[in-house]
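**Student:**
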């Protein structure tokens, strides 16, 4: 059995989906944070949120649910 570290998380080879989930999590949060910070033009924001929602909606989540959560 092989165990490795990815972004500070210990991952077991039996859980081969974990690295993909971690990377997608980071990408979604990066997009959400760029929207929160106002770092995008209105058009970039619209396109990124729409594309992110396509992905999140497949999992039963919406970016509005994430955007409405207060940052700590």
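In this note's numbering, the protein residues as written are 126 to 197. Ideal Cβ positions, reconstructed from N, Cα and C, are used throughout, including at glycine.
Tell me the DSSP secondary structure of residue 159 in three-state form.
**Tutor:** If DSSP states are grouped into helix, strand and coil, residue 159 belongs with the helices.
**Student:** Excluding the five sequence neighbours on either side, which residues of its own chain have a C-beta within less than 7 Å of the C-beta of residue 157, listed in chain order?
**Tutor:** Excluding residues within five positions, the ones whose Cβ falls inside 7 Å are 188, 191, 192.
**Student:** Considering just the uninterrupted stretch of the alpha helix (DSSP H) at residue 174, what are its terminal residues?
**Tutor:** That run of the alpha helix (DSSP H) goes 167-182.
**Student:** Keeping to the same chain, check which residues put their C-beta closer than 7 Å to that of residue 178; ignore five residues upstream and five downstream.
**Tutor:** Only 187, 188 meet the Cβ criterion.
**Student:** I need the DSSP call for residue 193, collapsed to helix, strand or coil.
**Tutor:** Three-state result, residue 193: coil.
**Student:** Check whether the Cβ atoms of residue 160 and residue 170 lie closer than 7 Å to each other.
**Tutor:** Taking 7 Å as the Cβ cut-off, residue 160 and residue 170 qualify as a contacting pair.
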